[in-house]
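K.L.:
This is the structure, below, for whatever I ask next.
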Amino acid sequence: MTTILKLGGSVITDKGRRETVDLPALETAASAVADAGVEDLVIVHGGGSYGHFHADEHGVSTTEGTHDAHAARAIHDAMKRLNGHVLDAFGQRDVPVVPIHPFSVAARDETGTLSLPLDSVRTLLDEGFVPVLHGDAVAHAGEGVTILSGDEIVVRLAAGLDADRVGVCSTVPGVLDTNDDVVPEIQNFEDIAAALGASESTDVTGGMAAKVRALLDLGAPAHVFGPEGLEAFLSGASPGTKIEG
1 MTTILKLGGS VITDKGRRET VDLPALETAA SAVADAGVED LVIVHGGGSY
51 GHFHADEHGV STTEGTHDAH AARAIHDAMK RLNGHVLDAF GQRDVPVVPI
101 HPFSVAARDE TGTLSLPLDS VRTLLDEGFV PVLHGDAVAH AGEGVTILSG
151 DEIVVRLAAG LDADRVGVCS TVPGVLDTND DVVPEIQNFE DIAAALGASE
201 STDVTGGMAA KVRALLDLGA PAHVFGPEGL EAFLSGASPG TKIEG
């Protein structure tokens, strides 16, 4: 059974402070994964206060690109630094994590359609590793380089690996309605659109609204939950909001 776990950038970093890891939160997440002992696990993490700050500075988003090589390197290098912290935290708990940097293998065509080969992910899983991917810069025909969000990667992984379970760990206990109550289940974006505003922090990938849209495209159930729901998800439970289009 293949499980995909997305750790939001807002969970593992302080998104209001440039390149600042939330070390206690990251270590808690790493311990939860280590204790759960989930087999065939793929981890994806967001950009948080690393990639998002650099992308915003250079005016790069998921649709607006740059041909400035310095800008592309700045975004990618920031994400590699954050990825290093993630690998260290999980590795110290004997989770067999290894990195896969999307900038080296992914691309978008002129229509924005993503190509992300998964041969290395499949092989690493088969060999007992836990591949760790992350939001990144990505080559984009006609745009130079744009941003590839962690949520897009989750969608690609879920479809390409025929994943059985998908979990998105955010800073909130689930998708919230206008009364700040957790919505138990979402089957249609229009049903929740009014409650989904822009992220309060610098985020070039669309915040919760983009997450919900992406997860509705999976063709399989997913769950959005807060850090307190991570252990439950890893144990097979269904915390937070279930999203199934």
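So for the sequence shown, the UniProt record's numbering puts the first residue at 1; every next one is plus one.
Glycine included, C-beta positions come from ideal geometry on N, C-alpha and C.
Only a predicted model underlies this, so the values are computations on that prediction, with no experimental measurement involved.
(1) Does DSSP put Ile12 in a helix, in a strand, or in coil?
(2) Span of the alpha helix (DSSP H) holding Arg73?
(3) To the nearest angstrom, how far is it from the Cα of residue 278 to the Cα of His45?
(4) What does the alpha-carbon distance come out to for the pair Gly112 and Ala141?
(5) Can you tell me the Cβ-Cβ gap for His52 and Lys15, rounded? I've got them flagged as a contact below 8 Å.
(6) To the nearest angstrom, how far is the alpha carbon of His67 from that of Met79?
(7) Restricting to runs no shorter than 3 residues, where is the beta strand (DSSP E) found entirely within the segment 86-164?
(8) Can we count Leu148 as close to the ligand NAP, meaning its CB is less than 8 Å from some heavy atom?
(9) Just grab the DSSP bridge partners of Phe225 for me.
(10) Leaving out the 5 sequence neighbours to the left and right, which residues in its chain are closer than 7 Å to Glu200 when beta-carbon positions are compared?
(11) Given that a residue counts as buried once 16 or more other Cβ atoms are within 10 Å of its Cβ, and exposed if not, what is Ser235?
P.N.:
Let's see:
(1) If DSSP states are grouped into helix, strand and coil, Ile12 belongs with the helices.
(2) Ala69 to Gly91
(3) The chain is shown only over 1 to 245; residue 278 falls outside these bounds and no answer can be derived.
(4) 8 Å
(5) 7 Å
(6) 19 Å
(7) Taken in chain order, the unbroken stretches of beta strand (DSSP E) that lie wholly in the segment 86-164 and span 3 residues or more are 97-99, 130-134, 136-140 and 144-148.
(8) The ligand NAP is absent from the structure shown, which contains no ligand whatsoever.
(9) Cys169
(10) In this prediction, Glu200 has a pLDDT of 46, which is less than 50 and means its spatial position is unreliable; nothing more can be read from the coordinates.
(11) exposed
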